[in-house]
Amino acid sequence: MTGQADSGLKRDLIFISLGHGVFALGQWAIVSAIAKVAGLEAMAVFGLTLAIANPIYFLANMALRVAFASDAGRDFTFGDYWLARVAGLLAAAFAMGIAALLTVGAHGIDGASALLLFALIKSADGLFDLLYGARQREGSTMAIAISLLLRALLAPAACLAGLLLADGALWAGLAGWGTAAVALFLLREAVGIRVRLRAEPAVAGARAVIIKAWPLGVGAALASLETAIPRYVIEWEMEPGALGYFTGVFFFFQASVVVSNAFGSAASAHLGRAHAADDRRGFLRMTGMLALLGAGLGVCGVAFAIVLGPWALAVIYTPEYAAYGTVLTLTMAAAGLRFIASFLQYALVAAKRFRTHMLLHMVLATTAGVVAPPLVFHYGMEGAALSLIVVGAVQVCLLIGLMARR
-11 MTGQADSGLK
-1 RDLIFISLGH
9 GVFALGQWAI
19 VSAIAKVAGL
29 EAMAVFGLTL
39 AIANPIYFLA
49 NMALRVAFAS
59 DAGRDFTFGD
69 YWLARVAGLL
79 AAAFAMGIAA
89 LLTVGAHGID
99 GASALLLFAL
109 IKSADGLFDL
119 LYGARQREGS
129 TMAIAISLLL
139 RALLAPAACL
149 AGLLLADGAL
159 WAGLAGWGTA
169 AVALFLLREA
179 VGIRVRLRAE
189 PAVAGARAVI
199 IKAWPLGVGA
209 ALASLETAIP
219 RYVIEWEMEP
229 GALGYFTGVF
239 FFFQASVVVS
249 NAFGSAASAH
259 LGRAHAADDR
269 RGFLRMTGML
279 ALLGAGLGVC
289 GVAFAIVLGP
299 WALAVIYTPE
309 YAAYGTVLTL
319 TMAAAGLRFI
329 ASFLQYALVA
339 AKRFRTHMLL
349 HMVLATTAGV
359 VAPPLVFHYG
369 MEGAALSLIV
379 VGAVQVCLLI
389 GLMARR
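Shown next, in the form of structure tokens:
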């Protein structure tokens, strides 16, 4: 039985990691297009958009994909999870509208339009995400990989087309990206959603899911806030172009998060089944294997940054970004810690310790709020990267302690 579980885990890791890896490259292609075609000011606006939007949507999504995939006892139906996701996305869209109004004064119509269009993109992402959770629980990881591949191909092409047609206007690139995301969902996934809703209609309802999953949403939002706080401080403390450069560097960190989330999502169903079966040995063995994988990926990331970092920054963005190789190395060190922490955290979620997950990130967000301002003030962008390292180190230590007490 253990051999079959390991085989299934390896298969899911391969398909989902490949799919999310290609998807991360597609997202990177979008950022590269913005840097090369729209310029540094647009990169700064886009970076601020990400820093504002991501905590909102992590809160709204409530990590329902992970909760769904690891729901080995089938406590809720697809219809229950679907209603909860739609409710969360509507609330997030409202919050993004308010954020857009608040940013008009500082960033004009460009900042407001970026937030509104990104709300469209994140709404489509949220619907795809829940469907992937259903497919994971069924073991249909190849279908997830194919969907991610299509999204990775269409979104950058649509974004680039918008940028070129509108002479580098950020709003046009985001509009192209959003249109591609919505069209792909409607053409490829909408029928499957209807079939699933007929087969598994809502029983408990959205409220029951939200009551159980809201700590995950708060924890995920706080986790996103941990990495957003240094960018807020850069926006407040440094020259206007600084956030644009840091956004380019930070996307290496963001890509690593996508990869770690892919591995963690692939493992969540297996971890959930091991926990439901009270297979402590198998649960801890899978967790340890994932943590070692995270450490290895982290070492590879730092080595890449040291050897090829400046060259990669110049090629992916523009030659001016090559001056921030040291910032990239520090950022990848933080990403290495995040790899390890992410895998340990997926095990915590699979063990249904949702409130522990939330409390952990309250501590980490507070840590980020304390260390980021002085580090950025004294060391600039390198200080922002150092704050990510501090938060990552605290996170790993706390998670090891929590897992030891399981």
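Its first residue numbered -11, the sequence shown is counted upward by one per residue in my numbering.
All residues carry an ideal CB built from backbone N, CA and C; glycine is no exception.
- Around the beta carbon of F82, a 10 Å sphere encloses fewer than 16 other beta carbons of the protein chains shown; the residue is thus reported as exposed.
- C-alpha of V74 to C-alpha of P362: approximately 40 Å in a straight line.
- A Cβ-Cβ separation of about 11 Å leaves A102 out of contact with W165 under the 8 Å criterion.
- Nearest Cα to E308 within the set P298, L316, T317, T314: P298.
- Residue A169 holds the alpha-carbon nearest to the alpha-carbon of C147 among A133, A169, M130, M277.
- Here V191 carries a coil assignment [DSSP, helix/strand/coil].
- The residues I222, in chain order, have a CB closer than 6 Å to that of A230 in the same chain once the five nearest residues on each side in sequence are set aside.
- Proximity of the stretch 322 to 331 to the stretch 190 to 209 falls short of the contact definition, fewer than three beta-carbon pairs being nearer than 8 Å.
- A check of alpha carbon separations from V359 across A372, L348, M350 identifies A372 as the nearest.
- The three-state reading of DSSP puts S111 in helix, counting H, G and I together.
- Non-local beta-carbon contacts of A79 in its own chain, meaning distances under 8 Å to residues more than five positions away in sequence, involve A48 in chain order.
- Look at the stretch 17 to 102 and you find these whole runs of alpha helix (DSSP H), each 4 residues long or longer: 28 to 49, 52 to 57.
- Counting only the Cα atoms, A100 lies some 15 Å from K110.
- Here the stretch 289 to 296 does not lie against the stretch 196 to 215, with fewer than 3 beta-carbon pairs under 8 Å apart.
- As the crow flies, the alpha-carbon of A12 is around 32 Å from that of G93.
- The stretch 29 to 37 makes no contact with the stretch 175 to 188; the number of CB pairs closer than 8 Å stays below 3.
- Going by C-alpha positions, R53 is about 24 Å away from P144.
- Contact between A72 and I198 holds, since their C-beta atoms are separated by about 5 Å, short of 8 Å.
- DSSP places S128 outside both helix and strand once states are collapsed to three, so it counts as coil.
- DSSP places E225 within a helical segment (H, G or I) once states are collapsed to three.
- In the three-state reduction of the DSSP assignment, Y305 falls in the coil class, being assigned neither a helical nor a strand state.
- Here R139 is buried: its Cβ has 16 or more other Cβ atoms, across all protein chains shown, within 10 Å.
- Sixteen is the threshold: when 16 or more other Cβ atoms of the shown chains lie within 10 Å of the Cβ of G236, as they do, the residue is buried.
- The residues P144, C147, in chain order, have a CB closer than 6 Å to that of I18 in the same chain once the five nearest residues on each side in sequence are set aside.
- For the stretch 334 to 394, the continuous alpha helix (DSSP H) assignments of 4+ residues that do not extend past its boundaries occur at 342 to 392, in sequence order.
- The Cβ neighbour count for V25, taken over all protein chains shown within 10 Å, is at least 16; the residue is labelled buried.
- In this structure, T354 lies away from F241, with their beta-carbon atoms at least 8 Å apart.
- Rounded to whole angstroms, the gap between the alpha carbons of F271 and G85 is 42 Å.
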